[in-house]
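Residue numbers (the numbering used here), protein chains in the order written: chain F, 357 to 1226; chain U, 108 to 227. Virtual Cβ for every residue (Gly too), placed ideally from N, Cα, C.
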Amino acid sequence: MRIAVKLFLSFLIVVVVPLGLLAVTSTSLIDERMMALAQEAVEEDLKAAWIQFFVRGDQMKFGMLQAAVTTEMQTAVAVKDKEYLKQLMFKYRKKRPYVDIWAVTDEMGDVIARLGDSPGEVSLKHVVQRVLLLREPEIKVELLSADIIAAYGDEVLVSKMARLGLDEAMALVVVVPVFKGDSLVGTIVTADMLVEDFFVVDELAKRFPDAVFLIAQGNKVISTNARDGDKRAMGTTLPPHLIEKISKGKTHGMVESVAGRQYISASEPIKDSLGNVIGVLFVGVPEEKYLALGRENVKRISLAFALALLAALALGTIATKEISRPVNALVKATRRMKKGEFTVLLESKRLETKDELGELARSFKEMGQDLKELYDDLEQKVRERTEELEISNEELKVTNEELQVTNEELKLTTEELQSRERELKEALKREKELKAKLEEYSRGLEDKVKERTIELEKKLRELSGLQEISDLFKMEVMPRKIYGNAAAKIAELMDVEQCCIVLYDPGKMKFTAQSPAYGMSVKQLKALNFSLDDAAFTLERWPGSKPLVSNEPLRDDRLMNDLTWRLKERNLLLAKLLVGGEFLGVLRLANKRHGDFTKDDVRLAEILASRLGAALHSMILFNELKRSHENLRKAFKKLKSLDELKSNIISNVSHELRTPITIAKGALEVLREEEDEGKRLRLIDVAEEALLRQNMVVGDLLEAARMEKRALKLRPEPLKLDEIIPRIVDEFKTIAHKKDIVLDTRINMKLPRVSADYKEFGHVMRNLLSNALKFTDKGGSVTVTARKYKDAVEICVKDTGIGIAKKHHKKIFDRLYQVDSSMTRRYGGTGLGLAIAKEIVEAHGGKITVESELGKGAKFCFKLPVAKEG
Amino acid sequence: MAMILLVDDEPDIRILTRMMLEKAGHSVVEAVNGDQGLKMLKNNRPDLILLDVMMPGMKGWKVCEKIKADKKNRDIPVVMFTIRSSEDSVKKSYECGADAHINKPFEIKELLDTIERLLK
């Protein structure tokens, strides 16, 4: 088949067949769709019909409820006021003229009042029963009997029923309860008759103009908008198959004939309050309308299909031509190329298209050219190659001969190579040997470097050790710490087991090993303390400044007198501590187990000793300086306080001397002018007392001077205190009397005699009494007691005066260290009195004490030894 | 005449000085030490103060300094009345603000003349 035909057929299959199928399917789909649409519409209409139906019911219920809640209605029902109820019902009917039946019942269901004049009473109990029970409003569709219609309705209704041949009439019934307070008093009953009531169907028809609505009682149509000619299609009957279907429930999609027209319908049974099917609500949409719609659609689709087909055919033809033309041209061209006309395509214009075929044609053109060139080239090459081959054949013959010669040469070369290999092996062996030697040498070198490094590190340690030793002295001035730290450091540097510093004291000419040392007990150190005499032997045989090294100390005659041998060291190194030629002592290093000292050790020890010597020298000088500075400071302080003391004593003494003079002088001066006898006598007393005081001060001073010269010479004699004390106390009676102080003496009559200097004893007593009186205020008391106490007699002077603070108890007896002049003023004239008393008592071998507190009086006691009998 | 505050720790000196001053027509208030003297000044205003130096506790010079540091009392003449007769002591008396310095032992006339001079 030609390619054009093939293309055209495939085009038809691809385009026309699906298009046809689509057209067929869509027509059947359209039918189905139209039906579904009609059903949907009819369902919608049915729903709307029900709603419309019950909208009427709700309107009625709402109206009744409004009536039922009014007080007038409630009261009228409660009192069963028939006439008033009638009036009310009239009023309400005016608002709702479509309501056909109005009645009011009591709580038992008996009718109280009604509209309508027909005679006879028909019970409505079965209508209101449920409302009376449930006490809630009710909307329902009921079949009302002709009796009821006749009794409550009007003649029009009755005649309508008669026209349609009905015994009962379908009505929309609304019953609402009426309450008075909480109690049910009755009901209002209203009913809208549905027979020939076109309100519902007409309302629906307005909204759905194409649709027909039928309300049937039983199978009889009682209301419809369907028209038969210009009349409503009333009184017609629904076909039996429909009635049968509806009795089972809802129907839809059935095609029914109403008034000569076909309708797609939906219908639903109308049930009364007991659930009985009493009628049918039927809705239909005209079938022809939907069929027409469907037919229209099918027509359009067919037309579209035909147009599409035509277009496809036209396009198919053009496309086929477009494709097949260059192909045919190409086919022709290739046929000619086959015959060797390689350039034929170059002339064809038909093939200059821009699609794949054009490309193919171009390729063909190029191929044609290439083929032509190739063909020409090949012919040329075949000619050349033939010539070459002829030449090569000649050459090959020559080469074969040459090869034979070369083979001989190769044999020779192989032998040479073998000998070369042997030589190489030998060379490798030699190289290995050399490498080993080199490694050995390198190791030796490394060892040397290591040794040198160790040596250098040691030097470094030594140097830093030296620095540390010097630093020790810089930071520390406590000799003990320095000796200990220095010995330990030197021992570490020298790597010895024992190290100690032995210092030489040129004053005592003795050697003393300083503690703490390193690696030596205190006992061992003590063994190293010896005098110069003992060490002289060693020093004599050890001149110069070099250290003395003995690796066999026990047999070393240089050390004969050194006590070293007792310590049994294995070796010993002594280095002199010298500073500017002055010999300070010895640095002593020793080992019990280690090896001998080396030259390096000796050199290092010498350096260490020289450093240590210098540092020790500085330290000794520093400490000496510090000590003498401290001593000087103390001495200076003492001198200063002594100086102050001296000025104080002078000042006090001058005060004490001048005060009595002032008093005596003043008294005498006043006396001269005074005429009153009493006052004159008193002034004389004052003057006398002042002179006595003066006398005592002078006595104190002489006594003190005497004592200063260590001239206190006691002439002890047995004294009868019971006689002497009262006599002394009597001397103070005047003063006591003047100050209104009770002066009391209590002496044990059996008191033994004491051994004491009479004059000195008096001095002590007077001093104590004078003080006691001086510091006791008016109205106080001073008591003198004496009693035996072991081998002594204790004499006490107690007063009730101002007392002495505890901190001053020691000072008041101290002649030299009384510094506070105001205290002196308070406690004893010159400040010498108590000090003198103390010295006197102590010279007798006794003791003077004070018991006192500030403000609580004072009690001075002293003891004197009992005189030995005979 | 004048009211004089006498501060001295020696009872006999107080007795004698009082006799002398009363004879000259002055009235005398006594204090036995510096503290007591200063306390008395709080409630009394004497015309002149006679102040001993060597007293237990506060020295006379210190008492004088305190009197002169008090605005209320600084115009009361203070007479230092002491056994300390050295030049140094006299200097100290004037340094502390005292108006006169009388050495003990003293003449009645000297004392009375000084008081009279200061009271004018």
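Query                                                                                                                                                                                                   : Result
Would you please verify whether the beta carbon of Gly1184(F) is less than 8 Å from any beta carbon of chain U?                                                                                         : At Gly1184(F) the pLDDT is 49, less than 50, meaning the model places this residue with poor confidence and gives no usable figure here.
Which residues of chain F have a Cβ atom closer than 7 Å to the Cβ of Met126(U), listed in chain order?                                                                                                 : Val1026
Answer yes or no: do Pro354(F) and Leu929(F) have a C-beta to C-beta separation smaller than 8 Å?                                                                                                       : Residue 354(F) lies beyond the residue range present for chain F, which begins at 357 and ends at 1226; the question has no answer from this structure.
Under the rule that 16 or more other beta-carbon atoms within 10 Å means buried, what is Thr431(F), buried or exposed?                                                                                  : exposed
If you run the structure through DSSP and keep just helix, strand and coil, what is Ser629(F)?                                                                                                          : coil
So what does Cys1217(F) bridge to, in DSSP terms?                                                                                                                                                       : Cys1152(F) and Thr1205(F)
Which residues in chain U have a C-beta closer than 7 Å to the C-beta of Ser1010(F)? List them in chain order.                                                                                          : Ile190
Just tell me which of Ser1007(F), Arg1028(F), Leu1047(F) and Lys990(F) has its CA closest to the CA of Ile1017(F).                                                                                      : Leu1047(F)
On the DSSP bridge assignment, give the partners of Trp898(F) in chain order.                                                                                                                           : None, per the DSSP bridge assignment.
Who pairs with Cys856(F) in a beta bridge, going by DSSP?                                                                                                                                               : Arg944(F)
Please check if any C-beta of chain U sits within less than 8 Å of the C-beta of Arg1014(F).                                                                                                            : yes
May I ask which residues mark the beginning and end of the beta strand (DSSP E) holding Met876(F)?                                                                                                      : Premise fails: Met876(F) is in no beta strand (DSSP E) and is neither H nor E.
What residues match up with Ser366(F) in a beta bridge as DSSP calls it?                                                                                                                                : According to DSSP, which records beta bridges pairwise, Ser366(F) is partnered with nothing at all.
Under the three-state reduction of DSSP, which class applies to Leu1107(F): helix, strand or coil?                                                                                                      : coil
Taking 8 Å as the cut-off, decide whether the C-beta atoms of Leu933(F) and Leu972(F) are in contact.                                                                                                   : yes
Within 8 Å (strictly less), CB to CB, does Thr1090(F) reach chain U?                                                                                                                                    : no
Measure the alpha-carbon distance for Lys804(F) versus Glu796(F) and round it to whole angstroms.                                                                                                       : 13 Å
Assuming Leu488(F) contacts Thr543(F) (C-beta within less than 8 Å), just tell me the rounded distance between them.                                                                                    : 7 Å
If you draw a straight line from the C-alpha of Glu552(F) to the C-alpha of Val512(F), how long is it?                                                                                                  : 11 Å
Taking three-plus beta-carbon pairs below 8 Å as touching, is the stretch 559-574 of chain F in contact with the stretch 639-649 of chain F?                                                            : yes
So with Cβ pairs under 8 Å, would you call Glu129(U) a contact of chain F?                                                                                                                              : no
Give me the Cα-Cα distance between Leu218(U) and Ala1148(F), rounded to the nearest whole angstrom.                                                                                                     : 54 Å
Please return the same chain residues whose Cβ sits closer than 6 Å to the Cβ of Asn1104(F), not counting the five positions on each side in sequence.                                                  : Arg1143
Taking only beta-carbon atoms, is Lys179(U) less than 8 Å away from chain F?                                                                                                                            : no
For Asp503(F), which residues of its own chain have a beta-carbon under 6 Å away from its beta-carbon, when the five flanking residues on both sides are left out?                                      : Val478
Excluding sequence positions up to five away, which residues of its chain have a Cβ less than 7 Å from the Cβ of Met517(F)?                                                                             : Ala502, Ile505, Ala525 and Val551
Does the stretch 151-164 of chain U come into contact with the stretch 956-976 of chain F, if we say contact requires no fewer than three beta-carbon pairs (one atom in each stretch) closer than 8 Å? : no
Hey, would you say Leu560(F) sits closer than 8 Å to Gln408(F), going by beta carbons?                                                                                                                  : yes
By DSSP's criteria, Asn210(U) is part of a beta bridge. Which residues make up the other side?                                                                                                          : Thr189(U)
How is Phe564(F) classed by DSSP in three states: helix, strand or coil?                                                                                                                                : coil
Nearest to Lys948(F) by CA position, among Ile1204(F), Gly875(F), Pro899(F) and Thr954(F), is which residue?                                                                                            : Gly875(F)
Using the Cα positions of Ile122(U) and Ile1005(F), report the straight-line distance between them to the nearest angstrom.                                                                             : 27 Å
Any C-beta of chain F sitting closer than 8 Å to the C-beta of Met161(U)?                                                                                                                               : yes
Say whether the stretch 166-173 of chain U touches the stretch 181-197 of chain U, bearing in mind that this needs 3 or more beta-carbon pairs closer than 8 Å, one atom from each stretch.             : yes
If you check the beta carbons only, do Lys442(F) and Ala469(F) fall under 8 Å apart?                                                                                                                    : yes
Taking 8 Å as the CB-CB cut-off, is Val1175(F) touching chain U?                                                                                                                                        : Residue confidence is low: Val1175(F) scores 38 on pLDDT, short of 50, so the model does not pin down where it sits. Its coordinate-derived value is still stated next. Val1175(F) does not count as touching chain U.
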